[in-house]
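Novice: Pasting a structure below so you can have a look.
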Amino acid sequence: MAREERDFYLRPEDEQQAFLEQTWCNECMEVDLGMKNPKEYEENGRVFIEGECLKCGNPVVTEVVDGVDEEDDLEEF
Numbered sequence: 019m020a021r022e023e024r025d026f027y028l029r030p031e032d033e034q035q036a037f038l039e040q041t042w043c044n045e046c047m048e049v050d051l052g053m054k055n056p057k058e059y060e061e062n063g064r065v066f067i068e069g070e071c072l073k074c075g076n077p078v079v080t081e082v083v084d085g086v087d088e089e090d091d092l093e094e095f
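Its first residue numbered 19, the sequence shown is counted upward by one per residue in this note's numbering.
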């Protein structure tokens, strides 16, 4: 399935801010460094937001999972 561009800025402002702040950078190996220049797209039925790490400038990608409660997502062992 082809990559379909979406408009990140159609999301509510508080949601945009959360995606821009709550990040993980594989290069810096740190959480919540933030991202700039967000681009949202859908690929293979999954939605992603891709931007640049504010610290090192490398790509940061977040998968958007709508309607998932963090507590429901935890597995007990």
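We put the beta carbon where it would ideally sit given N, CA and C, even for glycine.
Give the secondary structure of residue 61 by DSSP, where H, G and I count as helix, E and B as strand, and everything else as coil.
Specialist: Strand at residue 61.
Novice: Considering just the uninterrupted stretch of the beta strand (DSSP E) at residue 31, what are its terminal residues?
Specialist: Note, residue 31: premise wrong, no beta strand (DSSP E); alpha helix (DSSP H) at 31-39.
Novice: Please report how far the alpha carbon of residue 59 lies from the alpha carbon of residue 77, in whole angstroms.
Specialist: 14 angstroms
Novice: Taking all protein chains shown into account, decide if residue 47 is buried (16 or more other Cβ within 10 angstroms of its Cβ) or exposed.
Specialist: Around the beta carbon of residue 47, fewer than 16 other beta carbons lie within 10 angstroms, which makes this residue exposed.
Novice: Assuming residue 51 contacts residue 72 under a Cβ cut-off of 8 angstroms, what Cβ separation, rounded to an integer in Å, is found between them?
Specialist: 5 angstroms
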